[in-house]
Amino acid sequence: MLTFITSSANKLAEVEHILGRSLAQATVLLEEIQAIDLKPVVSYKARQAYAHLGRPVLVEDTGLAFAAWNGLPGALIKWFLAALGTDGICKLLRGETNRAVTATTLFAAYDGTECRVFSGVVAGVVPEAPRGTNGFGWDAIFQPLGSDRTFAEMTPEEKDHFSMRRLALEQLRHCGLLDL
């Protein structure tokens, strides 16, 4: 069985909601390499977590790529949020005509031999100001294409319909790795 490595209760709840089942979970203090590209980040985290626990693990990371910023901050979104908050990000985008943003989630499953990475990508736009009170992180500033609401304005079921996390988890589920 895969052990999902996360310290985020919100992330665990969302993943379990999408999968419709509970997961084995562990909090492991991991060194997180700083990179814009998510793949080296999740691959490194998965190998570290396996070395610490000695059993198959699942790790996740999500990034936002703003078109106006040539794809930044990517995997560094956590630090942008910590420094600026959602209000600050919207303020920095004020006056930008291209408010396109891409949300990408990668899951990495590692069994000590092979690291397999699964990706979900959703295109969206950033509203003029944060909207909504549901969700967590940057949900209030991500409005997926095909919706007139941000993730933070949606119910969990509505968010799951658009979710990049769901898309990546569907790939993982189809590979049978959730049964490790």
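For the sequence shown, our numbering gives the first residue as 1012, with consecutive numbering after it.
Heads up, the beta-carbon is just placed ideally off N, CA and C, and yes, glycines get one too.
Linking T1014 to Y1055 through their CA atoms gives a straight-line distance of about 16 Å. Taking C-beta separations shorter than 8 Å and ignoring five residues to either side along the sequence, the partners of Y1061 in its chain run P1067, V1068, Y1121, D1122 and G1123, following chain order. Counting only the Cα atoms, A1046 lies some 27 Å from D1171. I1152 is the residue among F1173, R1176 and I1152 whose C-alpha sits nearest the C-alpha of G1096.
Going by DSSP, L1188 is part of no beta strand (DSSP E) at all; its letter is neither H nor E.
Apart from the 5 residues on each side of it in sequence, P1141 sits with its Cβ closer than 7 Å to the Cβ of T1097, D1098, C1101, A1151 and I1152 in its chain, given in chain order. Residue pairing of D1122 in beta bridges, as defined by DSSP: absent, with no partner found. For the alpha helix (DSSP H) assignment, the uninterrupted runs of no fewer than 4 residues enclosed by the stretch 1047-1124 are, from N- to C-terminal side, 1049-1064 and 1088-1104. Counting C-beta atoms within 10 angstroms of its own C-beta, M1175 has 16 or more neighbours from the protein chains shown and is therefore classed as buried. Going by C-alpha positions, G1146 is about 19 Å away from A1086. A buried status is given to T1116, since no fewer than 16 other beta-carbon atoms sit within 10 Å of its beta-carbon. Exclusion of the five residues before and after V1053 leaves V1070, E1071, D1072, L1117, F1118, A1119 and V1128 as the residues of its chain whose Cβ lies within less than 8 Å of its Cβ.
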